[in-house]
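Working notes for the structure below.
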Ligand code: GDP
Ligand code: MG
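In UniProt numbering, the protein residues as written are 1 to 656.
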């Protein structure tokens, strides 16, 4: 589109625009600007944004100045130290321009004369008075007759070498800020290039190519056409650097020129310069640039608006449900008590599922918490560890013979001394007595772990309460562990003082075993036969050491041994069964009664006056709640903003 007569007394840009275009785009742009002001970007919602990038002194600020018709800090060194969001709004009713700055939640009115100073002051307030930079943006609103409706962000220029007073990592800082702004697909990159440089060597080109390889959202502005006209036509026609949205060559204000003078000189330059006049008029001059930018902006907004609406709604729903999912904020003692009882009942409920019922849905991924399965596993291991056959020491029957000799008194020889049997039984039970104790220790260790984890989670939002429930649970487990050890000790003592079972297997196995006795004695007597034989259950035995011993003694020893073998099986079964019942009983008692009593006692007893304090939220929870509240407030407002014009969009034809 050819620029309209460019020597009019004010910026000619708007003349070229139809008023309907303005009517359609302006509300959209206002809505996007409002969303920007509300900082929806912080919620990860990207807004269509024209981002001005360029190497230092390439003329970024000058281009913005030309578009806005106001003076911006320009010139040597690093002038733009914070992102400057520039909102230009055409206001035909204004004879004098209205300018204000927005930053740190403040609005500061200013004038054309003072704008440079005001920006410098604001920049110092944001980024310090030195040469440092910051990514907190400063917004400049310019309402003026004849300016294009555009919102652009001017970023600090890229510099490789820090100048005096700049931080060492200035390059990383600046490129970090630039990348953050140009990365989103919604950003339009306005790459400002000085006509004096070789475009492919530009740092800003290198960066924009990283995020926009094909250049589909990159527009190049070539400044200083007046100073370096040679080869400019060739440079912009060759397009060595993938600029998808094309080039616009401009000449900015020089020195103390007025804007009108600057535009007139620019038009003159491109009309009459022997080299520059050969460049197509559709790609030269600030008015063309303004036009192109408004077009691109309109398209970009129209394209991304539906998605923004969707995102706002999604984020709002997500934030609301996250806030709803948070624990209640407690304000009164009654509240605190209620929450406390809820925590206990939640913990009880979970423990019941994990340790008694065997439902693991709360911890489906965490096998360690699958209580009933882990307890059964421990019991199986313990049962396996208990020797299935009675352990024996020395040669076959030698232990029995030794004990029988010691038990001998004055009396008839053919009575089996019961004390000998009991002594042996006691010895054998003692040998394995550490196994049941180890088993209950292991069980309590495990239970403590599960109970503490469940409690910690139930009370996770109330750290002081966590400490208190933890203490109560640890005390309780310790108490119950001691009790268990006592119970197990009693079981073992019972096994040692009485030999009794009503299990019919005992007699059956003993009778079967005794069948071998006759054959066994024969092997002992018959010295010509090998001194080995196999007895069922017992296996192969060597009897050479028994040859020559008194028959009555061997027979008694054999009998005692067979009773022990048969009885041992009953002892082992009992040691497993009784501990299984004991553990189940203790767990049920713990979950159903003891835990609640202990915690309530602890909290009501020791910390009665502190119950309110104990239920204070952790700072992180309180912070999160506050963040969510703010975000919901902001998103609700955003939703209203977009809601008002969403119908307009639907009615609008997509612009070319
Ligand atoms: P920035 O660092 O990219 O913001 O660059 P500035 O806008 O501050 O410009 C750097 C210098 O180049 C300033 O002295 C400007 O006056 C000068 N300058 C910018 N554009 C032009 C132009 O089109 N022609 C001439 N002759 N000088 C320009
Ligand atoms: Mg600048």
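Every residue, glycine too, gets a C-beta built ideally from N, C-alpha and C.
Values in this document were obtained by computation on a predicted structure and should not be read as measured data.
Within 10 angstroms of the Cβ of residue i, are there 16 or more other Cβ atoms? Answer buried if so, exposed if not.
| i | result |
| --- | --- |
| residue 307 | exposed |
| residue 175 | buried |
| residue 240 | exposed |
| residue 500 | exposed |
| residue 106 | exposed |
| residue 480 | buried |
| residue 597 | exposed |
| residue 4 | The predicted position of residue 4 is uncertain, since its pLDDT is 41 and thus under 50; no value can be drawn from it. |
| residue 497 | exposed |
| residue 189 | buried |
| residue 252 | buried |
| residue 55 | buried |
| residue 644 | exposed |
| residue 642 | buried |
| residue 123 | buried |
| residue 237 | exposed |
| residue 502 | exposed |
| residue 577 | exposed |
| residue 611 | buried |
| residue 415 | exposed |
| residue 263 | buried |
| residue 640 | exposed |
| residue 195 | buried |
| residue 215 | buried |
| residue 557 | buried |
Does the beta-carbon distance from residue i to residue j come in below 8 Å?
| i | j | result |
| --- | --- | --- |
| residue 243 | residue 223 | no |
| residue 461 | residue 619 | no |
| residue 407 | residue 420 | yes |
| residue 187 | residue 333 | no |
| residue 660 | residue 57 | Residue 660 lies beyond the residue range present for the chain, which begins at 1 and ends at 656; the question has no answer from this structure. |
| residue 116 | residue 100 | no |
| residue 137 | residue 300 | no |
| residue 229 | residue 153 | no |
| residue 369 | residue 442 | no |
| residue 424 | residue 410 | no |
| residue 448 | residue 391 | no |
| residue 635 | residue 312 | yes |
| residue 90 | residue 149 | yes |
| residue 53 | residue 277 | no |
| residue 102 | residue 151 | no |
| residue 400 | residue 561 | yes |
| residue 436 | residue 628 | no |
| residue 245 | residue 279 | no |
| residue 286 | residue 250 | yes |
| residue 397 | residue 579 | no |
| residue 351 | residue 477 | no |
| residue 128 | residue 167 | no |
| residue 495 | residue 440 | no |
| residue 551 | residue 521 | yes |
| residue 603 | residue 468 | yes |
| residue 541 | residue 549 | no |
| residue 625 | residue 191 | no |
| residue 492 | residue 429 | yes |
| residue 197 | residue 289 | no |
| residue 43 | residue 483 | no |
| residue 450 | residue 358 | no |
| residue 566 | residue 535 | no |
With residue i and residue j assumed to form a contact (beta carbons below 8 Å), what rounded beta-carbon distance in angstroms separates them?
| i | j | result |
| --- | --- | --- |
| residue 143 | residue 97 | 7 Å |
| residue 94 | residue 33 | In fact, because the Cβ distance is near 18 Å, the residues do not count as touching under 8 Å. |
| residue 69 | residue 259 | 5 Å |
| residue 346 | residue 472 | Contact flag wrong, Cβ pair sits at about 16 Å. |
| residue 80 | residue 155 | 7 Å |
| residue 523 | residue 531 | 7 Å |
| residue 595 | residue 348 | 7 Å |
| residue 638 | residue 38 | 5 Å |
CB of residue i to nearest heavy atom of the ligand ZN: below 7 Å?
| i | result |
| --- | --- |
| residue 618 | Among the ligands modelled here, namely the ligand GDP and the ligand MG, the ligand ZN does not occur. |
Checklist entry - Going along the chain, which unbroken runs of the beta strand (DSSP E) with 3 or more residues stay wholly within the segment 74-149? => result 84-90, 98-103, 106-110, 138-144
Next on the checklist: Runs of 4 residues minimum, wholly inside the segment 422-470: which ones carry the alpha helix (DSSP H) assignment?
Outcome noted: 434-458
Checklist entry - Which runs of the alpha helix (DSSP H) fall wholly inside the UniProt domain "GED" (557-650) and span at least 4 residues, in chain order? => result 595-606, 611-614
Checklist entry - Quick one: complete alpha helix (DSSP H) runs, 4+ long, within the segment 223-295? => result 232-238, 259-272
Checklist entry - If you scan the segment 322-351 from start to end, which runs of the alpha helix (DSSP H) of 4 or more residues do you find wholly inside it? => result 333-351
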